[in-house]
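Numbering (my numbering), first residue to last: 15 to 455. Cβ atoms here follow ideal geometry from the backbone N, Cα and C, with glycine treated the same way. First the structure, in the form of structure tokens, and then the observations on it.
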RNA sequence: GCCGACAUAGCUUAGUUGGUGGAGCGGCGGACUGUUAAUCCGCAGGUCGCAGGUUCGAGUCCUGCUGUCGGCGCCA
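Here it is, written out as structure tokens:
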């Protein structure tokens with residue numbers, strides 16, 4: 015057990031009192047009589063001053079030979095100092111707990127980090143398990159934790175029920191090409207792409223539900239926005255339409271930004287993020303634009319685009335240039351979206367859907383909308399698309415027994431982390447990223 | 001699936017028109033200091049991704065393969 019934390023020492027909470035620290039050697043330098051060990055734990059780093067005539071020859075020489083990332087236990091006096099750290103520890107006793115073998119020194123060196131600079135080299139990806147303990151990654155993981163916490167608190171404060179769907183599934187949500195197929199006792203199963211269809215099944219029971227769960231997409235995407243395994247925050251709400259769902263989407267994203275300002279402003283600044291920007295994301299309304307207007311804007315900018323096309327990333331990016339905050343795109347043409355989107359009763363060429371596009375080129379972070387909720391409409395839509403009915407019988411049953419208006423959205427948690435942290439790549443936000451070319455370590 | 005780059009020590013890299021591969025960091029040995037990515041001196045460490053080819057001679061030129069990175073499409 016630990017009794018003292020470095021974060022408290024550097025905050026001055028322990029000045030002039032005895033502390034017992036446990037952590038890892040971040041840096042070490044010194045001479046025959048005096049040694050400075052920069053000690054790291056999960057809460058920060060602090061300089062520890064070790065004098066030969068205080069700790070004795072044996073302890074001093076042990077520390078002298080201890081390599082970076084050796085784990086140690088230190089006793090000493092925390093003191094304020096006018097040197098650059100503000101606070102340091104005058105060590106009275108030090109013990110190596112887990113040494114590092116000099117024939118295999120810690121491989122993540124300054125030079126390995128220097129070129130990476132946010133991007134990630136093959137070497138750092140291969141040594142991800144060790145890269146996790148570096149400053150930048152630790153900071154990202156703390157921000158990530160707060161994002162997850164914010165999602166839970168947003169929904170729970172509004173009486174949503176957390177609900178879990180299976181990860182092995184038999185059918186697709188989107189087109190089948192992006193499913194991971196897995197052998198399943200002589201049959202085929204797939205890894206889920208979305209919680210949505212199973213959430214709709216529980217909608218008449220729970221009415222307001224959400225989850226944070228992994229989703230899997232076998233896309234050979236090679237972009238800074240894609241993972242094959244990503245964390246998907248999804249919600250489903252009964253008796254609600256596109257508007258209400260969209261209100262929750264904007265509300266959730268603002269709440270995440272606000273939570274980061276409250277809990278992780280130091281971490282955001284250490285990544286070079288401008289807090290004014292996050293404040294703007296936390297307090298602004300997000301504008302809404304219909305698909306048709308987006309097409310007109312694109313045409314006015316001289317972009318080649320035709321009505322009915324889905325908007326790809328290059329076009330989204332041009333649209334987001336006009337906004338300093340996330341914005342919604344709504345009412346896509348029916349032909350560009352799958353059957354579960356409900357056609358707009360006021361103009362059935364469109365569906366009641368929305369995407370939320372993050373600014374700064376981070377792309378789509380939410381996709382959602384109102385579901386096709388009556389039996390006759392869903393059968394008609396499935397037929398129109400030529401989709402086989404059989405795998406969706408359970409989904410259609412939801413409409414056969416007391417269908418009600420409902421909708422929901424899915425939010426890409428890793429993308430939100432990347433955007434708010436200002437990461438160069440979505441990989442930076444997840445401990446062990448999975449993409450089409452990497453499943454290790 | 002498509003397009004474009006790259007591959008030299010544990011890491012980051014230099015390597016000229018083809019002529020026996022250098023450095024910084026890290027490690028080891030030593031010196032020295034309330035040091036700040038400490039500094040200084042020395043040592044070890046390389047099948048130049050793999051396989052062919054051209055050449056008297058290939059890290060360098062050519063072909064193929066493998067791996068990685070970046071971009072597009074698809075999407076969260």
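Looking only at its chain, what residues have a beta carbon closer than 6 Å to the beta carbon of residue i, apart from the 5 residues adjacent to it on each side?
i, result
"residue 384", "255, 256, 356, 366, 421"
"residue 378", "369, 371"
"residue 427", "245, 247"
"residue 324", "350"
"residue 40", "52, 54, 59"
"residue 252", "217, 221, 418, 420"
Beta-carbon within less than 8 Å of residue i's beta-carbon, same chain only, minus the 5 sequence neighbours each way: which residues are those?
i, result
"residue 167", "269, 273"
"residue 22", "28, 57"
"residue 99", "24, 60, 61"
"residue 294", "338, 339"
"residue 233", "192, 240, 242, 450"
"residue 347", "305, 321, 322, 363, 364, 365"
"residue 284", "149, 153"
"residue 376", "239, 429, 432, 433"
Which of the three DSSP states is assigned to residue i in this structure?
i, result
"residue 269", "helix"
"residue 2", "The shown model of the chain, from 15 to 455, leaves out residue 2, and the question about it has no answer."
"residue 81", "coil"
"residue 320", "coil"
"residue 296", "helix"
"residue 386", "coil"
"residue 397", "helix"
"residue 437", "coil"
"residue 333", "helix"
"residue 344", "strand"
"residue 288", "coil"
"residue 173", "coil"
"residue 446", "coil"
"residue 456", "No statement about residue 456 is possible, as the shown extent of the chain runs from 15 to 455 and does not include it."
"residue 357", "strand"
"residue 149", "helix"
"residue 306", "helix"
"residue 451", "coil"
"residue 425", "strand"
Do you know how far the Cα of residue j is from the Cα of residue i?
i, j, result
"residue 37", "residue 86", "6 Å"
"residue 450", "residue 238", "13 Å"
"residue 20", "residue 70", "24 Å"
"residue 123", "residue 82", "10 Å"
"residue 442", "residue 407", "40 Å"
"residue 279", "residue 299", "22 Å"
"residue 264", "residue 79", "54 Å"
"residue 165", "residue 75", "50 Å"
"residue 455", "residue 184", "29 Å"
"residue 316", "residue 262", "34 Å"
"residue 105", "residue 45", "16 Å"
"residue 196", "residue 54", "42 Å"
"residue 154", "residue 411", "43 Å"
"residue 17", "residue 354", "54 Å"
"residue 287", "residue 276", "14 Å"
"residue 119", "residue 151", "20 Å"
"residue 125", "residue 140", "16 Å"
"residue 403", "residue 321", "29 Å"
"residue 342", "residue 446", "31 Å"
"residue 363", "residue 127", "52 Å"
"residue 7", "residue 149", "The structure shown does not extend to residue 7, since the chain spans only 15 to 455, so no value can be given for it."
"residue 181", "residue 229", "8 Å"
"residue 336", "residue 267", "19 Å"
Leaving aside the five residues before and after residue i along the sequence, list all residues of the same chain whose C-beta is less than 7 Å from its C-beta, in chain order.
i, result
"residue 304", "344, 345"
"residue 77", "49, 51, 64, 108"
"residue 169", "224, 249"
"residue 116", "81"
"residue 381", "369, 423, 424"
"residue 4", "Because the chain in this structure spans residues 15 to 455, residue 4 falls outside the shown range and cannot be described."
"residue 271", "292, 295, 296, 434"
* Examine the Cβ distances between the segment 196 to 203 and the segment 243 to 250 and report whether three or more of them are shorter than 8 Å. => Result no; under three Cβ-Cβ pairs closer than 8 Å.
* Curious, which full-length beta strand (DSSP E) runs of at least 3 residues does the segment 179 to 253 contain? -> Listed in chain order, they are 195 to 198, 201 to 205, 222 to 230, 243 to 252.
* Asked: Can at least three beta-carbon pairs, one atom from the segment 87 to 96 and one from the segment 32 to 48, be found at a separation below 8 Å?
  -> yes
* At a cut of 8 Å, does the segment 151 to 161 reach the segment 435 to 448 through at least three beta carbon pairs? -> yes
* State whether the segment 211 to 231 contacts the segment 324 to 332, with contact taken as three or more CB pairs (one from each stretch) at a distance under 8 Å. => no
* Unbroken stretches of the alpha helix (DSSP H), 4 residues or longer, contained in the segment 15 to 86 -> Segments of the alpha helix (DSSP H) lying fully in the segment 15 to 86: 20 to 24, 66 to 69, 71 to 78.
* Asked: Along the chain, which unbroken stretches of the alpha helix (DSSP H) at least 4 residues long are found entirely within the segment 80 to 147?
  -> As far as the segment 80 to 147 is concerned, its whole alpha helix (DSSP H) runs of at least 4 residues are 124 to 130, 136 to 140, 142 to 145.
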